[in-house]
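Asker: So for the sequence shown, the working numbering puts the first residue at 18; every next one is plus one.
Every residue, glycine too, gets a C-beta built ideally from N, C-alpha and C.
Input: one structure, supplied below.
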Amino acid sequence: MIDAEYRIAEHLPESINKDPVPNLARVVDMALSDINPDLLLIYPAVDGLPEALIDHLAEQMHVDEYDDNSDLSVKRQQVKESFLLHKFKGTKYAVQRAVATMYQSAVVQEWPEYDGHPYHFRVTLITAPLDGATLINKTVRLINAYKNTRSWLDYVQFIRRCTGEAKFGANMSIVRQTCITFDLKQMLIAQKDIYFAGAVGTFRRDVIHGKLE
């Protein structure tokens, strides 16, 4: 059972109930008392809350670049990430988590990872559909909201991987004619025709013309 009135400073064991521990415990008690218990019940239930309440929570939690017209799944993810994003704002981690609320495949790369300029970074490997400039601009604003001031975004990169089938065919004909002279003064003509068919098979025909008297 959780006792909302419980105070750590009032239940310290005797072995540590001496300065400065009691003072530290009272500071912790004050911080814990500021936590809204209703929020502890609402946050785990974000995935089941109606859209109107999600919009209200986003306003209360100061979610950056929150769009009322976004998909409900995106809204819920932004609300759930809001605590961490505000805590780590200004770090690569925060930018990565923020972009992932819109594009799960997105990866934030700092300049040494792609031979960029110092203090620059990019967002790449986005495989989601490209839905126009409006969404791109929103993504850039979201990135700027969570990056630090000294870092500069080079670009946002969408990746498309295309697969296909290519067929190749080849034909080569080699004709070799050889003239051989025997001691019997009789000429023998040997002709060899070789045919190659790529990816099909090989056909070879040898023709020898000659007569000995």
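Tell me which residues share the same chain as residue 62 and place their Cβ nearer than 7 Å to its Cβ, disregarding the 5 neighbours each side in the sequence.
Answerer: Excluding residues within five positions, none has a Cβ falling inside 7 Å.
Asker: Over what stretch of residues does the alpha helix (DSSP H) that includes residue 93 continue unbroken?
Answerer: Unbroken alpha helix (DSSP H) run through residue 93: 89-104.
Asker: Should residue 201 be labelled buried (16 or more other beta-carbon atoms within 10 Å of its own) or exposed?
Answerer: Low confidence applies to residue 201: its pLDDT is 39, below 50, so where it sits in the model is not reliable enough to give any reading.
Asker: Got a sec? Which residues, its chain only, sit under 7 Å from residue 75 by beta carbon, not counting five neighbours each side?
Answerer: These residues qualify, in order along the chain: 83, 92, 95 and 96.
Asker: If you run the structure through DSSP and keep just helix, strand and coil, what is residue 198?
Answerer: Residue confidence is low: residue 198 scores 40 on pLDDT, short of 50, so the model does not pin down where it sits. No coordinate-derived value is stated.
Asker: Pairs of beta-carbons, one from the stretch 118-127 and one from the stretch 140-149, closer than 8 Å: are there three or more?
Answerer: Contact holds: three or more Cβ-Cβ distances are below 8 Å.
Asker: To the nearest angstrom, how far is it from the Cα of residue 103 to the Cα of residue 68?
Answerer: Cα to Cα, the separation comes out at about 22 Å.
Asker: Take residue 171 as the anchor and find which of 25, 135, 149 and 110 has the nearest alpha-carbon.
Answerer: It is 135 whose Cα lies nearest to the Cα of residue 171.
Asker: On a Cα-Cα basis, can you pick out the residue from 90, 60 and 64 that is closest to residue 77?
Answerer: Cα-wise, what sits closest to residue 77 is 60.
Asker: With distance defined between alpha-carbon atoms, name the residue in 72, 111 and 37 nearest to residue 165.
Answerer: Considering only alpha carbons, the answer is 111.
Asker: Roughly how many angstroms separate the alpha carbons of residue 119 and residue 106, rounded to a whole number?
Answerer: Each residue's Cα considered, the two are about 17 Å apart.
Asker: Among 85, 147 and 158, which residue has its Cα nearest to the Cα of residue 116?
Answerer: Considering only alpha carbons, the answer is 158.
Asker: Would residue 81 and residue 131 be called neighbours here (beta carbons separated by less than 8 Å)?
Answerer: No; because the gap between Cβ atoms is not below 8 Å, this pair is not in contact.
Asker: Please report the residue range of the beta strand (DSSP E) in which residue 127 lies.
Answerer: From DSSP, the beta strand (DSSP E) with residue 127 extends over 124-127.
Asker: Alpha carbon to alpha carbon, how far is residue 28 from residue 40?
Answerer: Using only the alpha carbons, I get a separation of about 13 Å.
Asker: Are residue 71 and residue 49 touching if we call contact CB-CB under 8 Å?
Answerer: In this structure, residue 49 does not lie closer than 8 Å to residue 71 by Cβ.
Asker: Comparing alpha-carbon positions, which option in 153, 47 and 179 lies nearest residue 25?
Answerer: Ranking the options by Cα distance to residue 25, first place goes to 47.
Asker: Tell me where the beta strand (DSSP E) around residue 159 begins and ends.
Answerer: Segment 150-163 is the alpha helix (DSSP H) holding residue 159; no beta strand (DSSP E) there.
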